[in-house]
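I have placed the structure first, in the form of structure tokens, so that the comments after it can refer back to it.
In this note's numbering, the protein residues as written are 69 to 146.
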């Protein structure tokens, strides 16, 4: 399986509003992440692909916890 590395990422914060949102209805904030992945064993034209993730608050919290654990482990190894 080819190895891919994260070349860069973009993010945006979105809020989906229910039709009654203007009257105090449901709001669903989310974060959209666009990941730019680059394959190490391919030529320049076929080497990159984009992955879009949209996370709600719970999913974002879990992702941030996982990233914090990875950062802590990396800091301990250096």
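Built from N, CA and C at the ideal position, the CB exists for glycine as well.
Out of the options, point me to the one whose CA is closest to residue i's CA.
{"i": "residue 99", "options": "124, 118, 105", "result": "124"}
Considering only the beta carbon of each residue, do residue i and residue j sit closer than 8 Å?
{"i": "residue 101", "j": "residue 121", "result": "yes"}
Can you grab the Cα-Cα spacing for the pair residue i / residue j, in whole Å?
{"i": "residue 119", "j": "residue 134", "result": "19 Å"}
{"i": "residue 144", "j": "residue 105", "result": "27 Å"}
{"i": "residue 136", "j": "residue 116", "result": "27 Å"}
{"i": "residue 103", "j": "residue 141", "result": "23 Å"}
{"i": "residue 97", "j": "residue 138", "result": "26 Å"}
{"i": "residue 146", "j": "residue 130", "result": "25 Å"}
Under 7 Å Cβ to Cβ from residue i, same chain only, skipping five residues before and after it: list those, please.
{"i": "residue 128", "result": "99"}
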